[in-house]
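Following this note's numbering, the numbering of the sequence shown begins with 362 at its first residue and continues without gaps.
Note that beta-carbon positions come from the ideal geometry of N, C-alpha and C, so glycine has one too.
What follows is a single structure, written as structure tokens, with notes after it.
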Amino acid sequence: MSLYEFTAPCHFGMEAVLKREIINLGYDIVRVEDGRVTFRGEASAIARANAFLRTAERVLLSVARFKAYTFDELFERTKALPWADYLPVDGKFWVKKASTTKSKLFSSSDIQSIVKKAIVEKLKQSYHVDWFKEDGAAYPLRVFIFKDEVTIALDTSGESLHKRGYRKLISKAPVSETLAAAILLLSPWNKDRILVDPFCGSGTFPIEAAMIGANIAPGMNREFTAEAWTNILPKKAWYEAITEANDAIRDDVELDIQGYDIDGEVIKSARQNAIDAGVDHLIHLQQRPVSALSHPKKYGFVITNPPYGERLEEREALPALYKELGDAYSRLDAWSCFVLTSYDQAEKYIGRKADKNRKIYNGMIKTYLYEFMGPRPPKRKKQED
Ligand SMILES: C[S@@+](CC[C@H](N)C(=O)[O-])C[C@H]1O[C@@H](n2cnc3c(N)ncnc32)[C@H](O)[C@@H]1O
């Protein structure tokens, strides 16, 4: 069975989390670069990676990696590739995106048209035809050029993988699903620990946590471009991935996950999103201001994304709001607290220096993840009190 190479882009700084997910799925890592992890697997990895990976933005099937300094080289090296192994005679293919950094070739639109032209020329030879109808399955391509090294890949996912299919209702400034999952997976939180998000908005942290806790694969309720690629992997591979995902669900799991927000409408949206994700029975959602945050248990996690003040009037309210969060946190006995925000005074008003802070991009917004670590609970107990 032939092995393919795949590249999965992820949030910058989350490569180690994605790498661990890929290893857990049983694939060999080829390389880890900024914002992407490359791995090797059989064709069925297309279905499994799309269905199971929580922190990848998409799964790209690499066709080739080569150096090109001129458009002639780009054309000839692209044309030399075995395109008929990837594209059927009726396939609809186009270069959806071309990006280039620190390279001689810099015009994205020229790169897009030259790569397409080279593929057409190769396929004419392979299929002995002059013209392609392109009325079959879609095969979008992506081209990246970094320091003159060209990578050409097929996009197996289609819509970005952060679109799980459950979040139709979003609050004002939602955190992306893949980023929320990555933060949960890098934190010491696990399904046996308490989790509270006091600024839960559309519910992304609680919902992603419940999906992790119940082992619900993130891609079970959506479609992927490569489902139509029967020349590369049979339909059966997708059914097998979904069966595997269904078998993995922990139906009897008991979780202690709570989401609160001051806005009642937002809580209604979060509830609907939790229903659509199939985890509403695992999460307690309620309208409540952060000032009322308290919990009787000794150990637990606050993982949250408070307002960070995109608008001026909101900015003025931030010192008081972060102080409320800090006061509430100080009343929680031995808890840990992870705060994702772009507010640069967060530590000052929370009233405590973070044990660690990481720079993370949430979309285009530069944010920090402040990690305040509580003590570990005693070892032998399963759930602490
Ligand atoms: C950045 S958004 C959170 C987005 C969320 N992570 C998501 O993915 O949808 C901040 C949320 O804090 C809520 N909020 C503002 N002031 C609050 C307060 N005093 N107590 C609790 N929630 C508050 C807002 O209603 C908003 O939904």
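Give a yes or no on whether the C-beta atoms belonging to residue i and residue j are separated by under 9 Å.
{"i": "F566", "j": "A541", "result": "yes"}
{"i": "V481", "j": "A459", "result": "no"}
{"i": "A369", "j": "R397", "result": "yes"}
{"i": "I603", "j": "A417", "result": "no"}
{"i": "P579", "j": "R415", "result": "yes"}
{"i": "Y690", "j": "I711", "result": "yes"}
{"i": "T439", "j": "F507", "result": "no"}
{"i": "A406", "j": "F367", "result": "yes"}
{"i": "V700", "j": "A681", "result": "no"}
{"i": "G735", "j": "S537", "result": "no"}
{"i": "S652", "j": "L693", "result": "no"}
{"i": "R554", "j": "D617", "result": "yes"}
{"i": "M375", "j": "I721", "result": "yes"}
{"i": "S474", "j": "A445", "result": "no"}
{"i": "S469", "j": "A404", "result": "no"}
{"i": "Q648", "j": "G625", "result": "yes"}
Please name the residue, chosen from the options, that lies closest to residue i on a Cα-to-Cα basis.
{"i": "Y365", "options": "H645, T399 and V393", "result": "T399"}
{"i": "G402", "options": "D395, A417, L422 and A412", "result": "L422"}
{"i": "R525", "options": "I711, I623, D637 and Y669", "result": "D637"}
{"i": "W696", "options": "G661, Y710 and I506", "result": "G661"}
{"i": "S521", "options": "E584, D496, D509 and A715", "result": "E584"}
{"i": "A748", "options": "I573, Q486 and E588", "result": "Only positions 362 to 746 of the chain appear in this structure, which leaves residue 748 out of reach."}
{"i": "W455", "options": "G735, L435, A498 and Y600", "result": "A498"}
{"i": "A678", "options": "F699, Y704 and D688", "result": "Y704"}
{"i": "F505", "options": "L466, P736 and E538", "result": "L466"}
{"i": "D451", "options": "M375, I383 and D491", "result": "D491"}
{"i": "R672", "options": "A404, D641, A534 and R426", "result": "A534"}
{"i": "D612", "options": "I390, G639 and D509", "result": "G639"}
{"i": "S464", "options": "A631, K380, R381 and E510", "result": "E510"}
{"i": "E437", "options": "P449, A479, H372 and E732", "result": "A479"}
DSSP three-state call for residue i: helix, strand or coil?
{"i": "D746", "result": "For D746, the predicted structure reports a pLDDT of 48, less than 50, and the residue's modelled location is therefore unreliable. The matter cannot be settled from this model."}
{"i": "H372", "result": "coil"}
{"i": "K380", "result": "helix"}
{"i": "Y704", "result": "coil"}
{"i": "V393", "result": "strand"}
{"i": "N634", "result": "helix"}
{"i": "A425", "result": "strand"}
{"i": "E732", "result": "strand"}
{"i": "R438", "result": "helix"}
{"i": "K533", "result": "coil"}
{"i": "L386", "result": "helix"}
{"i": "F367", "result": "strand"}
{"i": "A406", "result": "helix"}
{"i": "D617", "result": "coil"}
{"i": "V640", "result": "coil"}
{"i": "V398", "result": "strand"}
{"i": "K727", "result": "strand"}
{"i": "L414", "result": "coil"}
{"i": "Y430", "result": "coil"}
{"i": "D624", "result": "coil"}
{"i": "K717", "result": "strand"}
Using 8 Å for Cβ pairs, my map puts residue i next to residue j. What's the rounded Cβ distance?
{"i": "R713", "j": "Y729", "result": "Not quite, the Cβ-Cβ distance comes to about 14 Å (not below 8 Å), so this is no contact."}
{"i": "V388", "j": "I593", "result": "A small correction: the amino acid at residue 388 is Tyr; Val does not occupy that position in the sequence shown. With 8 Å as the limit, Y388 and I593 do not qualify as a contact, their Cβ atoms being about 17 Å apart."}
{"i": "R503", "j": "K457", "result": "6 Å"}
{"i": "V817", "j": "L546", "result": "Given that the chain is displayed from residue 362 to residue 746, the structure contains no residue 817 and the question cannot be resolved."}
{"i": "T702", "j": "P667", "result": "6 Å"}
{"i": "V627", "j": "S548", "result": "Actually they do not touch by this definition, with Cβ atoms about 23 Å apart."}
{"i": "L515", "j": "I472", "result": "Contact flag wrong, Cβ pair sits at about 16 Å."}
{"i": "L386", "j": "R409", "result": "6 Å"}
{"i": "I644", "j": "A571", "result": "5 Å"}
{"i": "V614", "j": "K552", "result": "6 Å"}
{"i": "I513", "j": "V424", "result": "5 Å"}
{"i": "I623", "j": "P650", "result": "5 Å"}
{"i": "L620", "j": "C561", "result": "The displayed chain sequence assigns Gly, not Leu, to residue 620. Their Cβ separation, rounded to whole angstroms, is 3 Å, which keeps G620 and C561 in contact under 8 Å."}
{"i": "T591", "j": "T517", "result": "Not really, about 13 Å apart at Cβ, beyond 8 Å."}
In chain order, what are the residue ranges of uninterrupted alpha helix (DSSP H) at least 4 long that sit wholly in the stretch 547-602? Counting only runs of 4+ residues, the alpha helix (DSSP H) found wholly inside the stretch 547-602 occupies 565-574, in chain order.
Sequence ranges, alpha helix (DSSP H) only - wholly within the stretch 469-531, length at least 4: Annotation: the stretch 469-531 contains the following complete segments of the alpha helix (DSSP H) (minimum length 4 residues), in chain order: 469-488.
Quick one: complete alpha helix (DSSP H) runs, 4+ long, within the stretch 648-708? For the stretch 648-708, whole alpha helix (DSSP H) runs of length 4 or above, ordered along the chain, are 673-692.
Which runs of the beta strand (DSSP E) spanning at least 3 residues fall entirely within the stretch 440-469, listed in chain order? For the stretch 440-469, whole beta strand (DSSP E) runs of length 3 or above, ordered along the chain, are 453-462.
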